[in-house]
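Numbering (the working numbering), first residue to last: 446 to 910. All remarks here apply to the structure that follows.
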């Protein structure tokens with residue numbers, strides 16, 4: 446898709462001055478008022494054994510804030526005689542700014558610490574958080590989020606986030622009460638499926654034209670406050686331990702739709718959203734915090750000529766590309782709305798697809814969002830990698846309004862007041878024996894005193910009669 450401006454294409458002005466350094470911490474104020482926070486973007490480069498790349502990365506370790514003032518810059522320079530076949534074959538040089546760059550040598554632990562750990566920490570404080578990976582098929586998105594299977598050190602963001610959450614919960618046991626629930630949504634061919642439904646018959650593959658064993662979700666609706674979304678028909682499961690949560694992750698991953706293409710032996714054929722819901726309160730306290738952490742593995746964009754997709758795999762590729770197209774439309778409209786300062790057409794087409802409907806909170810809503818732009822450095826994939834970087838530059842311009850999700854639990858507050866009332870009655874039984882009925886004069890004097898009390902603006906005012 447063509448870029449809207451040269452600035453968007455080359456990454457210049459990708460962040461406002463206020464967002465150029467480390468993103469501001471979410472406000473700890475009321476859940477009704479938030480603080481504008483830009484979406485943070487990271488570039489992760491997949492290792493390429495063959496070598497040879499047109500990408501030039503900043504030095505290893507260049508990360509959030511760069512030198513303290515400048516964000517790290519990624520440069521792409523393609524010789525003129527290699528431009529044939531590229532979408533934009535008139536340019537030879539591109540520059541893109543990111544909040545952080547994770548080179549080919551970056552380890553999974555470093556990725557978690559720089560990309561995900563700050564988001565997980567804010568979720569434990571009551572803020573919503575989203576981490577999503579975007580890029581072409583075979584660029585390492587699933588590896589970044591879920592990890593590899595060959596070694597424990599290859600764990601991805603999701604299992605490391607679960608470990609971090611339960612370690613923090615254990616550290617506050619006895620002081621804070623926590624409830625953790627897990628859901629796992631798959632969006633396959635524009636339909637939503639529950640990867641954790643208890644009626645699932647077994648793993649589901651693609652490419653054979655067979656039926657589905659997973660139940661479809663009922664749709665997406667606004668939550669009670671109208672400030673977020675709820676996926677109707679999607680089950681959530683209480684996970685009392687890290688082991689239980691990892692077990693749910695394994696079940697969901699087993700049920701995911703995958704297929705083999707010429708570019709990826711285990712290509713994800715669907716978008717998947719793993720969500721952790723956390724409810725917490727101080728032991729016996731009336732204030733409850735409810736937050737969610739969404740970790741989104743987007744199916745990769747595909748060029749059929751490269752993947753060699755045919756049959757049902759070709760149909761899947763079409764649905765994937767269409768949903769990613771609608772995602773880009775939402776990003777572009779949010780970018781345009783910000784550029785106009787909120788004036789003009791404010792409609793954002795979230796409802797064009799299930800994916801954008803589910804991610805409405807994460808894109809322009811009440812959420813701290815981080816994007817990982819995954820690219821393949823091989824020269825053969827330069828065009829797709831440039832497109833991914835351009836998309837990341839537009840995402841970086843989006844402002845989310847982040848606020849803490851906390852409220853007083855009416856049931857707990859009522860129970861506390863009832864207990865206090867019982868104690869007062871027990872301490873003064875003579876005051877609860879019915880007493881003498883008030884006379885007409887007493888009632889009139891009392892009403893007059895109440896009216897005076899209500900009209901008195903002084904905070905120390907009391908009822909006197």
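By construction, the Cβ of each residue, glycine as well, lies at the ideal position given by its N, Cα and C atoms.
Apart from sequence neighbours up to five positions away, the residues of its chain that approach residue 794 with a beta-carbon distance below 8 Å are 771, 774, 775, 778, 801, ordered along the chain. Per DSSP, residue 833 is one residue of the alpha helix (DSSP H) stretching across 827-840. It is roughly 12 Å from the alpha-carbon of residue 639 to the alpha-carbon of residue 702. Ranked by how close their Cα comes to the Cα of residue 576, the residues 832, 903, 602, 625 have 602 in first place. If the five residues before and after residue 895 are omitted, its C-beta is found closer than 8 Å to the C-beta atoms of 908, all from its own chain and listed in chain order. Closest by C-alpha distance to residue 684, out of 832, 628, 550, 569, is 628. Going by C-alpha positions, residue 866 is about 37 Å away from residue 682.
Per DSSP, reduced to three states, the secondary structure at residue 682 is strand. Residue burial is scored here from C-beta neighbours: residue 830 has at least 16 other C-beta atoms within 10 angstroms and is therefore classed as buried. For residue 550, the number of other beta carbons within 10 angstroms of its own is below 16, and it is reported as exposed. Straight through space, the alpha carbons of residue 832 and residue 636 are spaced by roughly 26 Å. When DSSP assignments are scanned along the stretch 519-567, the uninterrupted stretches of alpha helix (DSSP H) that are 4 or more residues long and fall wholly within it turn out to be 553-556.
Beta-bridge analysis with DSSP links residue 849 to no other residue. When secondary structure is reduced to three states using DSSP, residue 516 falls in the coil class, being assigned neither helix nor strand. For residue 633, the enclosing beta strand (DSSP E) begins and ends at 621-633. Secondary structure at residue 745: coil, using DSSP grouped into helix, strand and coil.
Between the stretch 686-702 and the stretch 805-815 there are fewer than three C-beta pairs closer than 8 Å, too few to call the two in contact.
Its Cα nearest to that of residue 726, the residue 852 stands out among 606, 720, 852.
Between residue 686 and residue 588, the gap from beta carbon to beta carbon reaches 8 Å or more.
Rounded to whole angstroms, the separation of the alpha carbons of residue 622 and residue 864 is 21 Å. For the pair residue 818 and residue 574, the CB atoms are not nearer than the 8 Å cut-off.
Sequence-distant partners of residue 783 (beyond 5 residues in either direction) whose C-beta falls short of 8 Å from its own C-beta, in its chain, are 842, 843, 844. When C-alpha distances from residue 492 are compared across 717, 547, 762, the shortest belongs to 547. Between residue 740 and the set 763, 746, 716, the nearest pair of CA atoms involves 716. With respect to the C-alpha of residue 517, the residue from 527, 663, 498, 488 having the closest C-alpha is 488.
Around the Cβ of residue 571, a 10 Å sphere holds 16 or more other Cβ atoms; the residue is buried. If you look at residue 898, you'll find it in the alpha helix (DSSP H) that goes 885-900. Taking C-alpha positions only, residue 642 is separated from residue 692 by approximately 13 Å.
Taking the C-beta atoms as reference points, residue 803 is found no nearer than 8 Å to residue 590. For the set 499, 662, 625, 855, the Cα lying nearest the Cα of residue 678 is the one of 662. Take residue 599, set aside five residues on each side of it, and the residues of its chain with a beta-carbon closer than 7 Å to its own are 553, 592, 593, in chain order. A residue is called buried when at least 16 other Cβ atoms come within 10 angstroms of its Cβ; residue 597 does not meet this threshold and is exposed. Per DSSP, reduced to three states, the secondary structure at residue 760 is helical. About 4 Å separates the beta carbons of residue 501 and residue 520, which is inside the 8 Å limit, making them a contact pair.
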